[in-house]
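Written out below as structure tokens is the structure these notes cover.
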Amino acid sequence: MTAPTEAGTFGGWPVVHTDYRVDRPVFEHYALLDGDREAAPFLRAEFTPVPFWMVTRYEHVLEALQMPDVFGSEVINAMDPRMDIEVLPNVLNPPEHTKMRRVLNRWFSPAAVRRLEPLVLSRCVELIEELKPRGECDLVSEFAIRFPTEMFLATLGLPVADGTQFLVWVEKIFAGFFGHDPQGAMQAQAQMHEYFNAAADDRVKNPRDPETDFMTRMVGAEIDSEKISRHDLLVICLTLMAAGLDTTRSALGYIFYYLANHEEERRRIIADPSLTAKAIEEFIRIYPLVFQDGRLVKTDIEFHGCPMKKGDVVWLGLASANRDPRKFSQPEEFIVGRPNANHHLGFGAGPHRCLGMHLARHELVIAINEWHKRIPDYEIATTEPLTERGGQLSLNKLPLRWKV
Amino acid sequence: MSSWKLSVDDSRCMGHGRCYTVSPGLLADDEEGFVTLRGSSMPIGDDQLADAEAAEAACPERAITLERGS
Chain A
1 MTAPTEAGTF GGWPVVHTDY RVDRPVFEHY ALLDGDREAA PFLRAEFTPV PFWMVTRYEH
61 VLEALQMPDV FGSEVINAMD PRMDIEVLPN VLNPPEHTKM RRVLNRWFSP AAVRRLEPLV
121 LSRCVELIEE LKPRGECDLV SEFAIRFPTE MFLATLGLPV ADGTQFLVWV EKIFAGFFGH
181 DPQGAMQAQA QMHEYFNAAA DDRVKNPRDP ETDFMTRMVG AEIDSEKISR HDLLVICLTL
241 MAAGLDTTRS ALGYIFYYLA NHEEERRRII ADPSLTAKAI EEFIRIYPLV FQDGRLVKTD
301 IEFHGCPMKK GDVVWLGLAS ANRDPRKFSQ PEEFIVGRPN ANHHLGFGAG PHRCLGMHLA
361 RHELVIAINE WHKRIPDYEI ATTEPLTERG GQLSLNKLPL RWKV
Chain B
1001 MSSWKLSVDD SRCMGHGRCY TVSPGLLADD EEGFVTLRGS SMPIGDDQLA DAEAAEAACP
1061 ERAITLERGS
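Chains as they are written, first to last, in our numbering: chain A, 1 to 404; chain B, 1001 to 1070.
Encoded structure:
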């Protein structure tokens, strides 16, 4: 442990007490993160039971993400270093991590995403057409979560119709992730393991083409000539679900919130849908949802002047990096086609970069284009202030209305 | 005759796919989503230089290097 040096500092760096786990008005988390980043490149956070180092600036965050030997993934959330829900392969380090990713990558590659396109498109259109005659909806709960849930099931070759049941479990898991209902989350975890277990049993009995069916391939998949255990397979399935659904819902929430409030930008995208992919990239830069990646310090290191000790927990500030003016000029401005937009860390970097990034981008582009073809004009249907969830950002709701 | 070389560092490339997205005429993706040039290099002709520069600049991991070849 590094000894406190003077009041309000630790190891020479400022101490912060801002709680990033709680709900706040929309965009307040970003304002707080921007403030912390400009205060110092490193801060000592003391708002959780286990204090940790915050790394706030782009260069340092990227470098640390690329140093898995020093910053290990035994911890993946700085605010909750002892996670109750099991996840894989997020918590592995190379070389074990690399081997498991090799088994998973092909199901989430651009080629796999292209194969899924007809289904993504048709389900997206159906969901929008279902909402359109109503003239209103809560975008978050009635569109933004339903769409990625179904696409997750489709990617794994599971029945899209199971989406309704999945949503109930998913909400419980997320409530547990962010500390609201740990018991409910454990229950949902058990139910989802049971669901995936039944699907795996089915594929053992009735195998499909292992080239195109995830579960058939996975029940026989090996790492180092050893079969992936059934338990690990269930954990992998639950992780893919947890990683893919909340984030896509959240991205859609922020994107629609922005487009509802910025008619000119909305019109530009409607007039030229080829801009959407670039707009999505900039949205992910400016409104990152996973605002930190946790890591565990594996060996004592003086990291650019920050005295980190083996066993310390570290917060790698993905969101503050994405909004760092040293890297992105006018970072608070939404600029479609900014020259270095591709360098954002919204999907992370290093060996743990988001497995589902290609699927996510594709879902977002299709959702934005298909929605605006059918519902080009809409407005926020409440005067109440909207809020965002802490922990991992997501709008709690986004009521929209449009003329029918 | 080309005077430039484009290389992708195997240890840094993480499969973000930005290079083949910005320069699809020059680079392609494999079944796992990595650029097929990962871990090797290719000569770049003058007519490919702009695409190669764009690919190098697009990489968030700084895995791509464009340099004068022999």
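Idealized CB from N, CA, C, for every residue including glycine. All figures in this text were calculated on a predicted structure; none of them were measured in a lab.
- Residues of chain B whose Cβ lies closer than 7 Å to the Cβ of A/His343 are, in chain order, Pro1060.
- In chain order, Asn105, Arg106, Ser109, Ala111 and Ala112 make up the part of chain A whose C-beta sits under 9 Å from the C-beta of B/Glu1031.
- Residue-level contact by beta carbon holds for A/Met357 and chain B, with a gap shorter than 9 Å.
- Not one beta carbon of chain A lies nearer than 9 Å to the beta carbon of B/Val1008.
- A/Leu289 sits in coil when the DSSP states are folded into three classes, being neither helix nor strand.
- Looking at the DSSP output, A/Ile380 bridges to A/Leu400.
- Runs of alpha helix (DSSP H) with 4 or more residues, each lying fully within the region 214-298 of chain A, are found at 214-219, 230-261, 263-271 and 276-286, listed in chain order.
- Not a single CB atom of chain B sits nearer than 9 Å to the CB of A/Arg295.
- A/Arg266 has its alpha-carbon roughly 13 Å from the corresponding atom of A/Ile335.
- Here A/Gly346 is not bridged, per DSSP, to any residue.
- At the C-beta level, B/Ser1003 and B/Asp1046 come within 9 Å of one another.
- Chain-ordered, the chain B residues with CB closer than 8 Å to the CB of A/Pro351 read Met1014.
- By the Cβ criterion, the region 297-316 of chain A is not in contact with the region 240-252 of chain A, since fewer than three pairs of Cβ atoms, one from each stretch, lie closer than 8 Å.
- Within the same chain, Cβ atoms closer than 6 Å to the Cβ of A/Leu139 are found at Phe256, Leu398 and Leu400, the five residues on either side in sequence being excluded.
- Close partners of A/Gln66 in chain B (Cβ separation under 8 Å): Arg1012 and Glu1061.
- Three or more beta-carbon pairs separated by less than 8 Å link the region 240-247 of chain A to the region 143-163 of chain A, which places the two stretches in contact.
- For A/Met357, the uninterrupted alpha helix (DSSP H) segment begins and ends at Met357 to Arg374.
- For A/Ile335, the three-state secondary structure derived from DSSP is coil.
- With a beta-carbon spacing of about 7 Å, A/Val120 and A/His362 fall inside the 8 Å limit used to define contacts.
- Against chain B, a Cβ distance below 9 Å from A/Arg102 picks out Glu1032.
- Taking C-alpha positions only, A/Phe108 is separated from A/Ala154 by approximately 12 Å.
- For B/Gly1017, the neighbours in chain A by C-beta distance under 8 Å run, in chain order, Pro110, Met357 and His358.
- Cβ contact annotation for A/Ser394 (same chain, cutoff 7 Å, sequence separation greater than five): Asp246, Arg249, Ser250, Gly253, Leu289 and Glu388, in chain order.
- Taking the Cβ atoms as the reference, A/Asn322 lies roughly 5 Å from A/Arg285, within the contact range of under 8 Å.
- By the neighbour-count criterion, in which a residue is buried when 16 or more other Cβ atoms sit within 10 angstroms of its Cβ, A/Glu384 is exposed.
- The beta carbon of A/Pro14 lies closer than 8 Å to those of Gly8, Ala39, Ala40, Leu43 and Arg44 in the same chain, with the five residues before and after it left out.
- Collapsing the DSSP output to three states places A/Val160 in a helix.
- Under the three-state reduction of DSSP output, A/Gly72 falls in the strand class.
- The alpha carbon of A/Lys278 has as its nearest neighbour, out of A/Pro339, A/Thr382, A/Gly184 and A/Glu63, the alpha carbon of A/Pro339.
- Secondary structure of A/Leu43 (DSSP, three-state): strand.
- Distance from the CA atom of A/Phe47 to the CA atom of A/Arg123, rounded to whole angstroms, is 43 Å.
- Only buried fits A/Lys172, as 16 or more other CB atoms lie within 10 angstroms of its CB.
- Taking a cut-off of 8 Å for Cβ pairs, the region 87-95 of chain A and the region 110-119 of chain A do not touch, as fewer than three such pairs fall below it.
- Within the model, the alpha-carbon separation for A/Val365 versus A/Glu28 is close to 26 Å.
- A/Glu150 is classed as buried because its beta carbon has at least 16 other beta carbons within 10 Å across all chains shown.
- Given a length threshold of 3 residues, each whole run of the beta strand (DSSP E) inside the region 1025-1065 of chain B is given here in chain order: 1041-1044.
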